[in-house]
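Chemist:
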Amino acid sequence: MSDTTPSDLPRQPGNLEHVIYVLRTNPVTLIAFGMFTFLILSALFGPALVPYDPLATNAGNALQPPSWAHWFGTDQIGRDVFSRVIVATRLDLTISVAAVAISFVVGSILGCIAGYWGGWADIILNRFLDTIMAFPLFVLAMGIVAALGNSVENIIYATAIINMPFYARLVRAEVNIRRDAGFVRAAKLAGSSDLRVLATQIYPNALPPMMVQVSLNLGWAILNAAGLSFIGLGVSPPTAEWGIMVAEGANFIVSGEWWLAVFPGLWLMFAVFTFNLLGDGLRDIVDPRKRT
Amino acid sequence: MLASSPRLRAILLRVAQAIPVVIGVVVISFLLTRALPGDPAVYFAGVAADEASIEETRVAMGLDKPLPVQFLHYVGDLLQGDLGQSLSSGRPVAVDLANRLPASLELTLTALFLAVVIAVPLGVLAATRPGTWVDHLCRVVVTAGVSLPTFFTGILLIYIFYYLMGIAPSPLGRLDFIYLSPDHVTGFYLIDAALMGDLETWRGAAKQLVLPATTLALFTLAPIARMTRAAMLTALSSDFIRTARAAGLSNRTVLYRYAFRNALLPVVTTLGMVFSFALGANVLVEKVFAWPGIGSYAVEALVVSDYAAVQGFVLAMALLFVALNLVIDLLYTAIDPRIGFEAQ
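So the protein sequences, as listed, match chains E and S.
The numbers in the numbering used here rise by one with no breaks, and the one at position 145 of the first sequence is 145.
The numbers in the numbering used here rise by one with no breaks, and the one at position 271 of the second sequence is 1271.
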């Protein structure tokens, strides 16, 4: 008879322990998670908490530099820049999250089909992705929005299309290398259908690298969407959105009213920076070998 | 004769591989112009068009014919260099683009040159001295570079160097009003002014170019520095470097003749991706600095719904990008002696 209780047994370190370990050894990732939480909170509760109505104009109080009453100053028609910057978080995050979600789903489906069945589907998909990648991606997004029509939904679709190749290629590669793996054959032998094997046995293996891709991609998607609205596509004034606010503020920078463009620009940078840090951190958690 | 030169054959093969890509690009831009929901005749006739002029555009462009026929017409027009008529300028889109392309190329190529000249040494230094301040600087530059929106960097630079310090010229175009633009030879103001021997104009053009080129370079620097550092680290930890060191070769020889040459290959590959980013960011930088290139042409066209101009711009950029990638791959064969001798 032995006295060992289950807790004395040597345990395999689980996923949660690994995550905690990585977060403890890499405080930057922890900070990134904190920044991410802040962004999510300002997207959720920002519109309810900001001190001023982001659309309320006040001509008597225009172009005021930052002060206690207006932390980020006021713009050319007296709107509070701080309120507008915070309220814009929701729209900017929605655009990028929706775009990345669409490219995630479409890329997964296309990648699974090409990677699992191969053959013609694979060849056609690869040709198609090559063609998308043959365009400078931001320029392609411009062309798509110009063709589909100038609206926020079309900004989302355009951003989704230019991001999709990255996901489709990733899934295709992950599915392809496992197509004939032992556990897949075992599952097939046990009578599972192709679709079931694909969904329950193969595809989940592609999820960790996909999550990293998502996080790195979100930052890029925000940059793209803001760039598109900076050149006057998608979001139209007076909607509060970082790209368009920087574009409007740019007219005042040469006369010294820096706060109009700088604060929304800084917020945009902050969001992109958060997602990039988060992506690097997630990569450490998912794949310790790829650390740089 | 072809078989006698495997390298030449590899080059021809690579050029041939670009053909399906070009076909794909043309198909996609055709789809973008014609086969979309909504009536393309309405787009191309412009915002101010009435029923009659829409109908006129439809017949003139052959939009009343079936899609495959339209595609053949489209390809036929393209082969003659016809990208349609710009509504805002009244000139053919191809002429407008050709007039403005040198400005964009001058900006983009200067920026890429700056980025490579700074990023490659930075990456090499960071890789050879891990943990020192150079390494940390490289990491900061790389992380900041990918997070900075290009248009925002441009505006910050204008604020600091034009408004606060007053050392940069006003961010309006390629040349200040006090100078006459140099005679058109290449369209590159720096080259044309130098050809004329007009030092004053050359200096004026260079002054205008510094800020936009720096903005674009800051953006493209990050991926190049990151890749150089990673590739250099991989090369330095490989067996042939150990062998070279064991054979007693000098540090310099090991570093530059063996490690750097091998590290260069992935860096050149990244340049393709960097070009894609640079051509996209170019549009934003041109808007910020009122640079009269094809990017700001497209932005102006977008504002007035001049679709032929926008789609012509998209196609031109894609073809430019395909050509740049081709050049990079050919460069690759020049750098890497193994390519071309293997059976491909």
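C-beta atoms are modelled at their ideal positions from N, C-alpha and C, and glycine is treated no differently.
Taking C-beta pairs closer than 7 Å, name the residues in chain S that E/Trp258 reaches, listed in chain order.
Modeler: Chain S residues near E/Trp258: Tyr1159.
Chemist: Go through the segment 241-285 of chain E residue by residue and report every complete run of the alpha helix (DSSP H) that reaches 4 residues or more, in order.
Modeler: You should have 242-253.
Chemist: Which whole-angstrom value is the C-beta distance of S/Asp1176 and S/Gly1204, which I expect to be below 8 Å?
Modeler: About 6 Å; that satisfies the 8 Å criterion.
Chemist: Can you list, in chain order, the residues of the segment 15-36 of chain E whose Cβ is nearer than 8 Å to any Cβ on chain S?
Modeler: So nothing in the stretch comes that close.
Chemist: With the cut-off set at 7 Å, would you say S/Ala1126 and S/Val1134 are in Cβ contact?
Modeler: Yes, the pair counts as a contact, with Cβ atoms nearer than the cut-off.
Chemist: Nearest CA to the CA of S/Pro1149: which residue from E/Pro54, E/Ile231 and E/Ala240?
Modeler: It is E/Ile231.
Chemist: Can you say whether S/Val1283 is buried or exposed, counting buried as having 16 or more other CB atoms within 10 angstroms of its CB?
Modeler: With 16 or more other Cβ atoms within 10 Å, it is buried.
Chemist: So is E/Ala134 in contact with chain S if we call contact Cβ pairs under 7 Å?
Modeler: Yes, contact with chain S.
Chemist: S/Asp1176 bridges to which residues according to DSSP?
Modeler: The partner list for S/Asp1176 (beta bridge, DSSP) is empty, contrary to what the question assumes.
Chemist: Taking all protein chains shown into account, do 16 or more other C-beta atoms lie within 10 angstroms of the C-beta of S/Tyr1074, making it buried, or fewer, making it exposed?
Modeler: By the 10 Å Cβ count, S/Tyr1074 comes out buried.
Chemist: Using a Cβ-Cβ distance under 7 Å, would S/Leu1013 count as near chain E?
Modeler: No, its Cβ sits nowhere closer than 7 Å to a Cβ of chain E.
Chemist: Once the 5 residues before and after E/Leu282 are set aside, which same chain residues still bring their CB inside 7 Å of it?
Modeler: Excluding sequence neighbours, E/Leu282 sits near Met211, Val212 and Ser215.
Chemist: What's the gap between the Cα of E/His121 and the Cα of E/Ala181?
Modeler: It should be pointed out that residue 121 of chain E corresponds to Ala in this sequence rather than to His. Distance between the alpha carbons of E/Ala121 and E/Ala181: 21 Å.
Chemist: For the segment 1308-1322 of chain S, which residues have a beta carbon sitting closer than 7 Å to at least one beta carbon of chain E?
Modeler: Per Cβ criterion, the list reads Val1310, Gln1311, Val1314, Met1317, Ala1318, Phe1321 and Val1322.
Chemist: Going straight from the alpha carbon of E/Asp130 to that of E/Leu137, what length do you get?
Modeler: Going by the C-alpha atoms only, they are around 12 Å apart.
Chemist: Taking 7 Å as the cut-off, decide whether the C-beta atoms of S/Ala1225 and S/Val1142 are in contact.
Modeler: Cβ atoms of S/Ala1225 and S/Val1142: closer than 7 Å.
Chemist: Express the C-alpha separation of S/Ala1168 and S/Tyr1307 in angstroms, rounding to a whole number.
Modeler: So the two alpha carbons sit approximately 35 Å from each other.
Chemist: Could you check the C-alpha separation between E/Asn176 and E/Tyr167 for me, to the nearest Å?
Modeler: In a straight line, the C-alpha of E/Asn176 is about 14 Å away from that of E/Tyr167.
Chemist: Output, in sequence order along the chain, the residues in the segment 140-154 of chain E whose CB is closer than 9 Å to any CB in chain S.
Modeler: Of all residues in the segment 140-154 of chain E, Leu140, Ala141, Met142, Gly143, Ile144, Val145, Ala146, Ala147, Leu148, Gly149 and Asn150 have a Cβ within less than 9 Å of some Cβ in chain S.
Chemist: When you check each C-beta in the segment 1282-1297 of chain S against every C-beta of chain E, which residues fall closer than 8 Å?
Modeler: From the segment 1282-1297 of chain S, only Val1283, Leu1284, Lys1287 and Val1288 have a Cβ closer than 8 Å to chain E.
Chemist: With a Cβ-Cβ cutoff of 7 Å, do E/Ala261 and E/Gly249 count as a contact?
Modeler: Taking 7 Å as the Cβ cut-off, E/Ala261 and E/Gly249 qualify as a contacting pair.
Chemist: What residue ranges within the segment 1096-1165 of chain S form continuous alpha helix (DSSP H) runs of no fewer than 4 residues, ordered along the chain?
Modeler: Counting only runs of 4 or more, we get 1133-1147 and 1150-1157.
Chemist: Could you tell me the boundaries of the alpha helix (DSSP H) in which E/Gly60 lies?
Modeler: E/Gly60 -> no alpha helix (DSSP H), and no H or E assigned at all.
Chemist: Counting only beta-carbon separations shorter than 7 Å, does S/His1136 have a partner in chain E?
Modeler: For S/His1136, the answer is no, since every Cβ of chain E falls outside 7 Å of its Cβ.
Chemist: Within a Cβ cutoff of 7 Å, which residues of the same chain sit near E/Met164, ignoring the five residues on either side of it in sequence?
Modeler: Excluding residues within five positions, the ones whose Cβ falls inside 7 Å are Ser103, Val106 and Gly107.
Chemist: Would a check of beta-carbon distances place S/Ala1276 closer than 7 Å to chain E?
Modeler: The amino acid at residue 1276 of chain S is misidentified as Ala; the sequence shows Ser. Chain E, which has a Cβ nearer than 7 Å to the Cβ of S/Ser1276, makes this yes.
Chemist: On the DSSP letters alone, give me the boundaries of the alpha helix (DSSP H) that S/His1073 sits inside.
Modeler: Note, S/His1073: alpha helix (DSSP H), Leu1067 to Leu1079.
Chemist: Take E/Ile253 and list the residues in its own chain whose beta-carbon comes closer than 6 Å to its own, dropping the five residues that flank it on each side.
Modeler: Excluding residues within five positions, the ones whose Cβ falls inside 6 Å are Ala261.
Chemist: Is it the case that the Cβ atoms of E/Phe128 and S/Ser1147 are separated by a distance below 7 Å?
Modeler: No, Cβ-Cβ distance for E/Phe128 and S/Ser1147 is not below 7 Å.
Chemist: Just checking my contact of S/Gln1311 with E/Gly118 at CB under 8 Å: how many whole Å lie between their CB atoms?
Modeler: Rounded, the Cβ-Cβ distance is 35 Å, inconsistent with contact.
Chemist: Would you mind stating whether E/Val28 and E/Asn217 have Cβ atoms separated by less than 7 Å?
Modeler: No, Cβ-Cβ distance for E/Val28 and E/Asn217 is not below 7 Å.
Chemist: Would E/Ile231 pass as an interface residue toward chain S - the criterion being a Cβ-Cβ separation below 7 Å?
Modeler: Yes, E/Ile231 counts as interfacial toward chain S.
Chemist: Beta carbons nearer than 7 Å to chain E: which residues of the segment 1106-1121 of chain S have them?
Modeler: So the list is empty, because no residue satisfies the distance condition.
Chemist: Just to confirm before moving on: does the CB-CB distance between E/Leu278 and E/Ala32 stay below 7 Å?
Modeler: Taking 7 Å as the Cβ cut-off, E/Leu278 and E/Ala32 qualify as a contacting pair.
Chemist: Output, in chain order, the set of chain E residues within a Cβ distance shorter than 8 Å of S/Ala1024.
Modeler: Rather than Ala, the amino acid found at residue 1024 of chain S in this sequence is Gly. What S/Gly1024 touches in chain E: Arg127, Phe128, Asp130, Thr131 and Ala134.
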